[in-house]
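Only one structure is covered here, and it is reproduced in the block below.
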Amino acid sequence: MKHIYACDSHNHSSCSPDGNQAPREMLARAQDLRLYAWTLTDHCECQQYRERYEERVRLAWKEMEKLEGGSLRVYRGIELGQPMQNLEAAESVTGQFAYDFVIGSLHNLQDKPDFYYMDAAAMDPEELHSLLDDYWQELLDMIAWGGFDSLGHLTYPLRYIQGEHGVRVDMARHTERIDDIFSALVKADKALEVNTSGLRQKLGETMPNLELLRRYRRSGGKLVTLGSDAHCAEDLGGGIDEGMELLKAAGFTEFTIYEKRAPKQLPLE
Ligand SMILES: [Zn+2]
Ligand SMILES: [Zn+2]
Numbered sequence: 000m001k002h003i004y005a006c007d008s009h010n011h012s013s014c015s016p017d018g019n020q021a022p023r024e025m026l027a028r029a030q031d032l033r034l035y036a037w038t039l040t041d042h043c044e045c046q047q048y049r050e051r052y053e054e055r056v057r058l059a060w061k062e063m064e065k066l067e068g069g070s071l072r073v074y075r076g077i078e079l080g081q082p083m084q085n086l087e088a089a090e091s092v093t094g095q096f097a098y099d100f101v102i103g104s105l106h107n108l109q110d111k112p113d114f115y116y117m118d119a120a121a122m123d124p125e126e127l128h129s130l131l132d133d134y135w136q137e138l139l140d141m142i143a144w145g146g147f148d149s150l151g152h153l154t155y156p157l158r159y160i161q162g163e164h165g166v167r168v169d170m171a172r173h174t175e176r177i178d179d180i181f182s183a184l185v186k187a188d189k190a191l192e193v194n195t196s197g198l199r200q201k202l203g204e205t206m207p208n209l210e211l212l213r214r215y216r217r218s219g220g221k222l223v224t225l226g227s228d229a230h231c232a233e234d235l236g237g238g239i240d241e242g243m244e245l246l247k248a249a250g251f252t253e254f255t256i257y258e259k260r261a262p263k264q265l266p267l268e
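According to numbering that gives the first Met the number 0, the sequence shown is numbered sequentially starting from 0.
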């Protein structure tokens with residue numbers, strides 16, 4: 000890593016259905032990379048909690064309890080997907096285990112498939128805009144609920160709409176809503192995540208991108224976490240150096256990690 004304080008606060012092990020390496024292998028990679036701090040954040044898709052995640056979440060916690068980082072700071076986290084679609088599950092999970100860090104994410108709208116499975120090329124532009132409107136609204140509801148620390152991969156639908164299907168979306172139409180999200184985050188003392196996975200995918204930029212990071216800062220945003228969203232050891236730390244430079248370009252001097260659900264500011268060095 001090029002930065003002394005490089006931290007990866009969003010990644011997955013085999014405790015996630017789509018993860019590849021065991022937590023201890025992810026830890027070994029984090030140590031090899033000489034990260035300043037590493038937070039493992041396996042999935043809990045709240046709307047599928049009972050049938051698919053309850054057992055996994057318990058297992059992931061047990062595995063994290065065993066991890067010894069030595070000189071590496073190791074934090075225990077979780078990525079809560081769609082908490083608003085099963086608040087009971089979201090609150091039971093975060094109440095049961097003493098996480099350092101909770102990411103709030105939205106991968107699919109209520110009763111709709113993950114954006115990953117949507118054929119954006121076959122949809123008309125109005126349909127796409129209304130899908131995004133619903134996405135912003137559910138994020139605003141999530142912020143009003145407030146049971147998380149950092150908002151994961153804002154603009155996630157673009158990874159598929161623009162990245163995978165090559166359909167350009169006129170984002171000017173959504174600026175106001177996104178600014179509402181930024182103001183709500185600032186008011187609620189929640190962080191915004193810079194998710195660097197888009198840099199190694201067809202999208203070719205972070206979620207959110209530089210322009211939106213600038214807007215967030217202008218809205219008074221100070222808390223920003225950084226995550227590679229790696230699903231294998233090889234991708235761990237991927238794009239974190241670039242993400243730190245991007246934050247500097249957006250005018251930030253510090254970024255955030257979480258310990259025991261409390262933010263800690265670190266220099267972008
Ligand atoms: Zn996610
Ligand atoms: Zn993730």
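Built from N, CA and C at the ideal position, the CB exists for glycine as well.
Alpha carbon of residue i to alpha carbon of residue j, nearest angstrom
i    : j    : result
Y35  : K263 : 13 Å
G165 : N107 : 19 Å
D132 : I180 : 12 Å
K186 : D178 : 12 Å
S129 : R199 : 28 Å
D118 : R158 : 12 Å
G220 : L246 : 12 Å
R260 : V92  : 14 Å
R72  : Q47  : 31 Å
A229 : D148 : 19 Å
Contacts around residue i, its chain only, beta-carbon distance under 8 Å, and the 5 residues preceding and following it disregarded
i    : result
T40  : S8, H9, N10, H11, G76, I77, E78, F100, I102 and G226
F96  : V56, W60, R75 and I77
T252 : P266 and L267
Sequence-distant residues of its chain with Cβ nearer than 7 Å to residue i (five each side left out)
i    : result
R167 : Q161
A249 : L209, L212, R213 and R216
C14  : P22, D41, R55, L58, A59 and E62
E163 : K201
L184 : I142, L150, L191 and G220
Y115 : Y159
R33  : M0
D169 : none
E90  : G146
E137 : M83, L105 and L108
G275 : Residue 275 lies beyond the residue range present for the chain, which begins at 0 and ends at 268; the question has no answer from this structure.
L235 : D7, N10, M25, R28, A29, L32, S227 and A229
Contact set for residue i: own chain, Cβ-Cβ below 6 Å, skip 5 residues either direction
i    : result
L222 : A190, T255 and P262
Q30  : L71
T350 : Outside the modelled stretch of the chain, which goes from 0 to 268, sits residue 350, for which no answer is possible.
D188 : none
R176 : W135
DSSP three-state assignment for residue i, whether helix, strand or coil
i    : result
M243 : helix
E268 : coil
Y98  : coil
L319 : Absent from the structure is residue 319, since the part of the chain shown begins at 0 and ends at 268.
A119 : helix
D133 : helix
L191 : strand
D110 : coil
I256 : strand
A261 : strand
(Q) Which residues neighbour ligand 2 when neighbourhood means a C-beta less than 6 Å away from any of its non-hydrogen atoms? List them by chain order. (A) H9, H11, E78 and D228
Q.
Suppose only complete runs of 4+ residues qualify. What are the alpha helix (DSSP H) ranges in the stretch 16-94, listed by chain order?
A. 22-31 and 53-65
Q) Counting only runs that start and end within the stretch 144-188, where is the beta strand (DSSP E) found for 3 or more residues in a row? A) none
(Q) For a minimum of 3 consecutive residues, which ranges assigned as the beta strand (DSSP E) are wholly contained in the stretch 204-242? (A) Correct list: 223-226.
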